[in-house]
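Take 967 as the starting number for the sequence shown in the working numbering and just add one per residue. Notes follow the structure.
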Amino acid sequence: MAQTGAIDVSPQFQRRERWDVRRQSALIESFLLNVPVPPVYLSEDDYGSYSVIDGKQRITAIRDFMTDGFPLSPLDRFHEISGLRFSELPSQLQNSLTVRPYIRAITILRQSDRSTKYEVFHRLNSGGEPLNAQEIRNVIYRGALNDLIMELSEASFLRRQLKIRDNKSSAYNLMADAEFVLRYFVLAEEWQSFSGDYRHSMDAFMERNAGIKKSQISALRAQFNRALESCEAVWGEYAFKRPDGQGWRDQVLAGMFDAQMVAVTLADDQRITSMISRKDEVLQGTRDLFTDPQFDNSVRVSTNTASRVHYRIDKVWDLVSSF
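Okay, here's the thing in structure tokens:
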């Protein structure tokens, strides 16, 4: 069904890939040993059409191996077939894999409401490899807004700052890039009234904008791109980072991302242009912020409290508005 398109295993909807060839090979060996495999969970999109909400790795491992997508890594029991692809296996083992890869599927009908699907994901989190909050949102809140978040998460500057070099990077697999995009949208809209509960606020933002209009999507895209491009133009490689002696730390701080992205969103084009022409002064001003222990703590310690979110954005806005 995955090969015919009846089951959608698109990473736009599912968690990003985490399984390496070793884990995929272990699954294939489980089928050869007739070991029971956990069920997959499907969401019915339309009659005869389904999307995977949990179990993508199992389905794609079977599909990819049986289409010669990868050779088996060293196996625990079937040592003699390690390194072979499906077409290279003895015919009896090929036949076994054609018959045995049976996985029980649990389907959530399309009539089910979003809260039911959310509950399924939280229960799935109790075992196996748990999904994080952004992976859950990626499934529960399907639609134009989620598609936009995934699109914007591919911005080259954001990925460079988060050290996402390829699709094997940890931040990519955990959807950290997508969560940064959503985090920005939430704070850009409500930073002055932000409660300090990121998870609730991000979930609520997705819920509130489930039926977002095309014109609103275009506006959000333009807003995010302007903010990110401004940060790149003003702070360059030091965007979202803190100073370290004469240099800068290489690690992005989510708190600095919050503050700089929201501050440039509040700034008009003339102010951004002024900052770009005086980048050295902006960088020095950013360094000076960290001489304030309260600011330093606001981006490094208990950063999710409402008071610290407000403080760091206020301080960076004070810097930005001085140009």
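For each residue, glycine too, the CB sits at the ideal point set by N, CA and C.
Where PHE1261 and ASN1270 are concerned, what is the direct C-alpha to C-alpha distance, given to the nearest angstrom? 13 Å
Do the stretch 1166-1175 and the stretch 1098-1116 touch if we need at least three Cβ pairs shorter than 8 Å? yes
With a threshold of 16 other CB atoms inside 10 Å of the CB of ALA1185, please say whether the residue is buried or exposed. exposed
Have a look at GLY971 and THR1252 and give me their C-alpha separation to the nearest angstrom. Note that GLY971 scores 46 on pLDDT, short of 50, meaning its location in the model is unreliable and no value can be drawn from it.
Chain-order list of residues whose beta-carbon lies under 7 Å from that of SER1243 (same chain, five-residue window excluded): none
What three-state label does DSSP hand VAL1248 in the structure shown? helix
Take LEU1124 as the anchor and find which of GLU1173, ILE1183, GLU1198 and ALA1099 has the nearest alpha-carbon. GLU1198
Quick one: grab the DSSP three-state call for LEU1041. coil
From the DSSP secondary-structure annotation, give me the bridge partner or partners of VAL1018. LEU1008
When you compare each of GLU1117, MET1032 and SER1009 to SER1057 by their alpha carbons, which one comes out closest? MET1032
In or out: ALA1225 buried (at least 16 other Cβ within 10 Å) or exposed? buried
Whose C-beta lies closer than 7 Å to the C-beta of LEU1055 among residues of the same chain, with five residues either side of it excluded? ILE1047
So, at 6 Å on beta carbons, what are the nonlocal neighbours of PHE1190 in its own chain, with the 5 sequence-adjacent residues on each side left out? LEU1118
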